[in-house]
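Asker: Heads up: the first sequence at position 486 corresponds to 486 in UniProt numbering, and the numbers run straight through without jumps. For each residue, glycine too, the CB sits at the ideal point set by N, CA and C. The model shown is predicted, which means the values in this text are computed figures rather than measured ones. The structure under discussion is supplied below as structure tokens; questions concerning it will follow.
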Amino acid sequence: MTTRPQLSMASPSSPAAALKPVLIHLLRGASDLASVAATHAKLVKAGFASPLASSNHLLAAYCRCGAMCCARDLFDGMRDRDVVSWTTLMSGYAAAARPRDAMSLLRAMGSSGVRPNAVTFSTAACACARLADAGLGRQVHAQAEVAGCARDAVVATSLLDMYAKAGGVEDARAVFDAMAAPARNAVSWGAMLAAYAQNTLGDEAIRLFAELRTHGGGVAPNHFMLATVVSACAGMARLGIGRCVHGAVLRLGYGNNDVISVALVDMYSKCGCYEYSRKVFDRIEQPSVVTYTSIIVAAAKYGRWRCVLTLFNEMVDQGVRPNDVTLLGVMHACSHSGLVDTGLQLLRSMQSKYGVAPCPSHYTSAVDMLGRAGRLEEAFELAKEAQVEGNDALLLWNSLLSACRTHKRLDLATMAGQRVFNNQQDVAGGLVMMSNAYVSAGQIDNAAAVRSSMRLRGIRKDPGCSWIEVKDTPYVFYAGAISCAGAWADEVLMLLDELESKMRERGYRGRLGSARVSDAHEDEEEEGKGVMVGVHSEILALAFGLLVVPKGMTIRVMKNLRMCSDCHEVFKLISGIIEREFVVRDLNRFHHFKMGSCSCNDYW
DNA sequence: ATAGGGTTAG
Numbered sequence: 001m002t003t004r005p006q007l008s009m010a011s012p013s014s015p016a017a018a019l020k021p022v023l024i025h026l027l028r029g030a031s032d033l034a035s036v037a038a039t040h041a042k043l044v045k046a047g048f049a050s051p052l053a054s055s056n057h058l059l060a061a062y063c064r065c066g067a068m069c070c071a072r073d074l075f076d077g078m079r080d081r082d083v084v085s086w087t088t089l090m091s092g093y094a095a096a097a098r099p100r101d102a103m104s105l106l107r108a109m110g111s112s113g114v115r116p117n118a119v120t121f122s123t124a125a126c127a128c129a130r131l132a133d134a135g136l137g138r139q140v141h142a143q144a145e146v147a148g149c150a151r152d153a154v155v156a157t158s159l160l161d162m163y164a165k166a167g168g169v170e171d172a173r174a175v176f177d178a179m180a181a182p183a184r185n186a187v188s189w190g191a192m193l194a195a196y197a198q199n200t201l202g203d204e205a206i207r208l209f210a211e212l213r214t215h216g217g218g219v220a221p222n223h224f225m226l227a228t229v230v231s232a233c234a235g236m237a238r239l240g241i242g243r244c245v246h247g248a249v250l251r252l253g254y255g256n257n258d259v260i261s262v263a264l265v266d267m268y269s270k271c272g273c274y275e276y277s278r279k280v281f282d283r284i285e286q287p288s289v290v291t292y293t294s295i296i297v298a299a300a301k302y303g304r305w306r307c308v309l310t311l312f313n314e315m316v317d318q319g320v321r322p323n324d325v326t327l328l329g330v331m332h333a334c335s336h337s338g339l340v341d342t343g344l345q346l347l348r349s350m351q352s353k354y355g356v357a358p359c360p361s362h363y364t365s366a367v368d369m370l371g372r373a374g375r376l377e378e379a380f381e382l383a384k385e386a387q388v389e390g391n392d393a394l395l396l397w398n399s400l401l402s403a404c405r406t407h408k409r410l411d412l413a414t415m416a417g418q419r420v421f422n423n424q425q426d427v428a429g430g431l432v433m434m435s436n437a438y439v440s441a442g443q444i445d446n447a448a449a450v451r452s453s454m455r456l457r458g459i460r461k462d463p464g465c466s467w468i469e470v471k472d473t474p475y476v477f478y479a480g481a482i483s484c485a486g487a488w489a490d491e492v493l494m495l496l497d498e499l500e501s502k503m504r505e506r507g508y509r510g511r512l513g514s515a516r517v518s519d520a521h522e523d524e525e526e527e528g529k530g531v532m533v534g535v536h537s538e539i540l541a542l543a544f545g546l547l548v549v550p551k552g553m554t555i556r557v558m559k560n561l562r563m564c565s566d567c568h569e570v571f572k573l574i575s576g577i578i579e580r581e582f583v584v585r586d587l588n589r590f591h592h593f594k595m596g597s598c599s600c601n602d603y604w
């Protein structure tokens, strides 16, 4: 930021009183520490440093620069402090990712006798949101209620957001419901939509969006809401509704909004329609880092590495500097296409070439690609070199464990498993990996032991499920449970029998449904309830899709976990037997099955 | 003067 010479050159002959508004104006426009400090000096010289209003402006200016030490020194030296002084400093701490300091300031404020106002409560709620601490947030809520501020639109919206970010969607909704309808403005509707979307309640987000249009009391959808709803559709892979929302985006005149375009690119790619993603991207006039990244990530999901590298080079040529997410997307593309050395090179050169330091996720991606390629010793060395901690470490070592499983390297799996256990974090994923590694090595007893220790310790993993959208309605399938097919259940079974025998003729040796131990990668709670014990959810969803999706239409199956190698083989075989195309969305990529093969070329 | 919501990655 530059200072404004025409303002700093206030006439020396002007009376001091005239200087004050000029200096205050300077402060309000300043966002760099040097000019704030310079103006501070001038204020002191002119004798205005101590009056409350000037100090508050200075305080706000220091907070805007993120110079929290300067802000604190100033605050501590102030003779008088009013609610604005306290609130300004609190808000500075919250914005500087120091929510704990903001909250201790709230307590100190209480004992100093200055009464908080609506802005103070809103700021405190924001700090609690950053801490994701609903307990502390509830105390703020209670204080605001007592002070009569809780119905204030801004306070209520901040509290709503706080509950949502602390995982209490019901509490967030209660705050929303308690707001009088006229108090609900575009921001509160947007915050409630985001609350659902961020807590993976996409259906609720879509329902609320519909409610806005019928009972919104004149509040029009804005770009915040549209981006949120599109992202909710992406999360649930709901192509039908996603296209409707895209229509609304265009009708409302937001077709040129970058943030919405990014959400649309992501939505179409997660719905299995890369071509639509491409169309949305091609309409963007001046793609930014984020828009380039969204299409790179989309192409990476489809294993289109040539496309990814072309886009990446084009972006760099255009002078758009890649960020950490872009580079991760390119690395994923390398990983999913077997371009191990290109990917590793990128990891080693990202700092010098693009000024981006490798994050834990970049190391995880690199470990993943080495692991897939069977270069497990290198993967292990790199994992150690990365020196990551906490949840990041879990992801990293899990990735290695998964590779150990695929390549039946129990020796390394045990060492990697140890690293997972050493992390005091959520270990469910690691334990499942361990159990699967034992299964692959034929050590069924050990696998069972890990599983039962999980049950004893009350550790659960999200059950694996697959779903398919038919005429805008999602049908969700769990392993072994055919009841989801409703009236079609019997026909699903018959079709699976028929397919199994046809696959046999082509050399398939497995079984689609039986109590196989290798099914351990999916939840077995449904065991016994279904007619076909052990049949994987994606196979059920596919069979259902083959029956109900009209011929000629691509069948799109979504899955919340990664597809297992058995199912991958089965899907390839089925696509060769039946002349239909189907797309499976994995946890992290797409598989397009056609005439007996898959777009991933078995790299996954 | 001080305050509230959104996109890409996992």
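According to DSSP, is A96 part of a helix, a strand, or is it coil?
Answerer: Counting from 1 along the first sequence, the entry for residue 96 is found at position 96. Coil.
Asker: Going straight from the alpha carbon of R151 to that of A96, what length do you get?
Answerer: Looking up residue 151 in the first sequence gives position 151. Looking up residue 96 in the first sequence gives position 96. Near 27 Å, if we compare the C-alpha coordinates of A96 and R151.
Asker: Considering M558, what are the terminal residues of the beta strand (DSSP E) in which it resides?
Answerer: Walking along the first sequence from the start, residue 558 turns up at place 558. Where M558 is concerned, the enclosing beta strand (DSSP E) stretches over I555 to K559.
Asker: Specify the secondary structure class of A166 as computed by DSSP and reduced to three states.
Answerer: One-based indexing of the first sequence puts residue 166 at position 166. In the structure shown, A166 sits in coil (DSSP, three-state: anything other than H, G, I, E or B).
Asker: Looking at the structure shown, is A67 part of a helix, part of a strand, or coil, going by DSSP?
Answerer: Along the first sequence, one-based indexing puts residue 67 at 67. If DSSP states are grouped into helix, strand and coil, A67 belongs with coil.
Asker: Going by DSSP, name the residue or residues bridged to S597.
Answerer: As a working mapping, residue 597 is identified with position 597 in the first sequence. Answer by DSSP bridge pairing, in chain order: K594.
Asker: Buried or exposed for G528, please, with buried defined as at least 16 other CB atoms from any protein chain shown within 10 angstroms of its CB.
Answerer: To locate residue 528, count along the first sequence from 1; it is residue 528. Note that G528 scores 36 on pLDDT, short of 50, meaning its location in the model is unreliable; the coordinates nonetheless yield the value given after this. Burial call: exposed.
Asker: Using only the alpha-carbon positions, how far apart do N222 and G92 sit?
Answerer: Here residue 222 corresponds to residue number 222 of the first sequence, with the count starting at 1. Here residue 92 corresponds to residue number 92 of the first sequence, with the count starting at 1. Rounded to whole angstroms, N222 to G92 spans 28 Å at the Cα level.
Asker: Under the assumption that G417 contacts S537 (Cβ atoms under 8 Å), give the Cβ distance between them as a whole number of angstroms.
Answerer: Counting from one through the first sequence, the residue named residue 417 turns up at place 417. Counting from one through the first sequence, the residue named residue 537 turns up at place 537. That pair is no contact at about 26 Å.
Asker: On the three-state DSSP scale, how would you describe V289?
Answerer: Working through the first sequence from its first residue, we reach residue 289 at position 289. Helix.
Asker: For Y196, does the three-state DSSP call read helix, strand or coil?
Answerer: Numbered from 1 along the first sequence, position 196 holds the residue referred to as residue 196. Y196 falls in the helix class under three-state DSSP.
Asker: Could you give the first and the last residue of the continuous beta strand (DSSP E) run that contains Y268?
Answerer: Here residue 268 is taken as the residue at index 268 of the first sequence, counted from 1. No beta strand (DSSP E) contains Y268, which is instead part of the alpha helix (DSSP H) from D258 to K270.
Asker: Would you identify the three-state DSSP class for P550, choosing helix, strand or coil?
Answerer: Along the first sequence, one-based indexing puts residue 550 at 550. Of the three classes helix, strand and coil, the one that applies to P550 here is coil, per DSSP.
Asker: Could you tell me the distance, in whole angstroms, from the CA atom of V330 to the CA atom of I296?
Answerer: Translated into the one-based positions of the first sequence, residue 330 becomes position 330. Translated into the one-based positions of the first sequence, residue 296 becomes position 296. Approximately 7 Å, taken between the alpha carbons.
Asker: For the alpha helix (DSSP H) containing V583, list its first residue and its last residue.
Answerer: Here residue 583 corresponds to residue number 583 of the first sequence, with the count starting at 1. Per DSSP, V583 belongs to no alpha helix (DSSP H); it is in the beta strand (DSSP E), F582 to R585.
Asker: Which stretch, first to last residue, makes up the alpha helix (DSSP H) that contains I574?
Answerer: The residue labelled residue 574 in the question sits at position 574 within the first sequence. First-last of the alpha helix (DSSP H) with I574: S565 to I577.
Asker: Is it true that the CB of L400 sits closer than 9 Å to the CB of L410?
Answerer: Your numbering for residue 410 matches position 410 in the first sequence. Your numbering for residue 400 matches position 400 in the first sequence. No; because the gap between Cβ atoms is not below 9 Å, this pair is not in contact.
Asker: I'd like the span of the alpha helix (DSSP H) that includes P474, first residue to last.
Answerer: Position 474 of the first sequence, counted from the first residue, corresponds to residue 474. Here P474 belongs to no alpha helix (DSSP H); instead the beta strand (DSSP E) covers T473 to Y478.
Asker: Measure the CB-CB distance between L587 and R562 and report whether it falls below 9 Å.
Answerer: For the purposes of this step, residue 587 is taken as the residue at position 587 of the first sequence. For the purposes of this step, residue 562 is taken as the residue at position 562 of the first sequence. It is a contact, given that the beta carbons lie within the stated cut-off.
Asker: Excluding sequence positions up to five away, which residues of its chain have a Cβ less than 8 Å from the Cβ of C307?
Answerer: Residue 307 sits at position 307 when you count from the first residue of the first sequence. Closer than 8 Å at the Cβ level, and outside the excluded window around C307, lie A299.
Asker: Roughly how many whole angstroms lie between the Cα atoms of R589 and Y302?
Answerer: Residue numbering aside, residue 589 sits at position 589 when the first sequence is read from its first letter. Residue numbering aside, residue 302 sits at position 302 when the first sequence is read from its first letter. Going from the Cα of R589 to the Cα of Y302 covers about 6 Å.
Asker: Skipping 5 residues on each side, what residues in its chain have a beta carbon closer than 6 Å to that of L33?
Answerer: Locating residue 33 in the first sequence gives position 33, counting from the first residue. Excluding positions up to five away in sequence, the list reads C65 and A67.
Asker: For residue 606, collect the residues of the same chain with a Cβ closer than 7 Å to its Cβ; drop the 5 residues on either side in sequence, then sort them by chain order.
Answerer: Any property of residue 606 remains undetermined from this structure, which presents the chain solely from 1 to 604.
Asker: So is G319 buried or exposed if we call it buried at 16+ other beta carbons inside 10 Å?
Answerer: Walking along the first sequence from the start, residue 319 turns up at place 319. It is exposed - the Cβ of G319 has fewer than 16 other Cβ atoms within 10 Å.
Asker: Determine the direct distance from the alpha carbon of E314 to that of N601, and round the result to whole angstroms.
Answerer: Residue 601 sits at position 601 when you count from the first residue of the first sequence. Residue 314 sits at position 314 when you count from the first residue of the first sequence. Whole-angstrom Cα-Cα distance: 26 Å.
Asker: What does the Cβ neighbour count give for residue 693, buried or exposed, with the cut at 16 atoms within 10 Å?
Answerer: Outside the displayed span of the chain (1 to 604) sits residue 693, for which this structure offers no information.
Asker: Between A132, A125, D133 and D161, which has its C-alpha nearest residue 605's C-alpha?
Answerer: Outside the displayed range of the chain (1 to 604) lies residue 605, so it cannot be described from this structure.
Asker: For V548, which residues of its own chain have a beta-carbon under 6 Å away from its beta-carbon, when the five flanking residues on both sides are left out?
Answerer: Position 548 of the first sequence holds residue 548. Once the five neighbours on either side are set aside, the close Cβ partners of V548 are V470.
Asker: Is DSSP giving D523 helix, strand or coil here?
Answerer: Locating residue 523 in the first sequence gives position 523, where the first residue counts as 1. Annotation note: pLDDT 44 at D523 (below 50); position unreliable, no value reported.
Asker: Which ranges would you report for the alpha helix (DSSP H) in the stretch 282-334 if only whole runs of at least 4 residues count?
Answerer: Whole alpha helix (DSSP H) segments, 4+ residues: 289-301 and 305-317.
Asker: Please go through the same chain and pick out, in chain order, the residues whose beta-carbon is closer than 6 Å to the beta-carbon of N323, but skip the five residues on each side of it.
Answerer: Residue numbering aside, residue 323 sits at position 323 when the first sequence is read from its first letter. V289, listed in sequence order.
Asker: Take E524 and list the residues in its own chain whose beta-carbon comes closer than 6 Å to its own, dropping the five residues that flank it on each side.
Answerer: On the first sequence, position 524 is the one that residue 524 refers to. Annotation note: pLDDT 42 at E524 (below 50); position unreliable, no value reported.
Asker: Taking the alpha carbon of G255 as the reference point, which residue from D282, A232 and Y274 has its own alpha carbon closest?
Answerer: The residue labelled residue 255 in the question sits at position 255 within the first sequence. Out of D282, A232 and Y274, D282 has the C-alpha closest to the C-alpha of G255.
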